[in-house]
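Input: a single structure, listed below in structure tokens.
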Amino acid sequence: MATRSEPRRSRGVSGVAWLVVLLGTVSGPGRADPPRFDWLEGASGQVLLVRGMTFVASEGASNELLLRAERARFHPDRQVAELEDVEVEGAPGVDRIGFEMRCDAGLLNLATEDFLAEGHVVGTIEGGRQFEALWVAYDEDRGVLYTDDPVLILDGNGRYRGGGFRYFVNEGRFRLEGGASVVQEP
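Sequence positions in the sequence shown follow the numbering used here and run 89 to 274.
Structure below.
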């Protein structure tokens, strides 16, 4: 349960974490629906069922995105795949730190390399910071991994709740959205 209480030095929570609490909100943020992509709107063509799908997006000699799914429904006319039991890795590179995540289901646009992860999304971003949310989307053009749904963040300083986040992959910059609160352990 998130509260606004005085920092307790014995917990080892940094002053920065408490500043997040003071700037954040006391009540938890509300649920937000995932973005609605029209990638499959009007699709009536062939659908291929795939087991063990792997998608690799690379630039030059380096892989930038690696996605694995246990099962997929691929729509060749739209270059879109509906995914189940998904693992995603945004590989680190010269100008990017990268990320990893798992989810129950997803939607991948192979033409743009954008995707939407849904259903118990858990992952890791820069500095070993972990996140949990119901949905997370990735916008390849902007290089942003994001959610507007309530999120739980775990890092070396503690556990935080927010109304969402933005992780700017190419810059290795993270921003907690929609207010923040520290989750205190009993």
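For each residue, glycine too, the CB sits at the ideal point set by N, CA and C. Bear in mind that the values here come from a model prediction, so they are computed numbers and not experimental data.
Return the Cβ separation of residue i and residue j in integer angstroms, given the expectation that the two are a contact with Cβ distance under 8 Å.
i              : j             : result
isoleucine 241 : tyrosine 234  : About 13 Å separates the two Cβ atoms, so there is no contact after all.
glutamate 228  : glycine 251   : The Cβ separation is near 24 Å, so there is no contact.
valine 232     : valine 270    : That pair is no contact at about 25 Å.
arginine 230   : valine 210    : About 23 Å separates the two Cβ atoms, so there is no contact after all.
glycine 267    : glutamate 214 : Not confirmed; about 22 Å, so no contact.
Name, in chain order, the residues that DSSP records as bridge partners for residue i.
i             : result
glutamine 218 : Thr212, Leu242
glycine 252   : Glu265
arginine 190  : Glu175, Val210
alanine 160   : Val138, Leu171
valine 270    : Tyr248
aspartate 227 : Val232
alanine 120   : Per DSSP, none; premise fails for alanine 120.
For the beta strand (DSSP E) containing residue i, name the first residue and the last one.
i             : result
serine 146    : 136-147
aspartate 173 : 168-178
glutamate 129 : Where glutamate 129 is concerned, there is no enclosing beta strand (DSSP E), given that its DSSP letter is neither H nor E.
leucine 233   : 232-235
glutamate 201 : Glutamate 201 -> no beta strand (DSSP E), and no H or E assigned at all.
Do residue j and residue i come within 8 Å of each other at the CB atom, strictly closer than that value?
i                 : j             : result
aspartate 236     : alanine 120   : yes
glutamate 177     : alanine 193   : no
alanine 169       : alanine 179   : no
alanine 157       : leucine 171   : yes
leucine 155       : leucine 204   : no
glycine 133       : aspartate 165 : yes
phenylalanine 253 : threonine 212 : no
Are any of the Cβ atoms in chain D nearer than 8 Å to that of residue i?
i          : result
serine 269 : Note that chain D does not occur in the displayed structure, where there is just one protein chain.
* Are the region 216-230 and the region 127-143 touching by the rule of at least three beta carbon pairs closer than 8 Å? -> Contact between the region 216-230 and the region 127-143 is absent: fewer than 3 CB-CB pairs across the two stretches fall below 8 Å.
* Asked: With contact counted as at least three CB pairs below 8 Å, one residue from each stretch, are the region 192-209 and the region 122-130 in contact?
  -> The region 192-209 vs the region 122-130: in contact.
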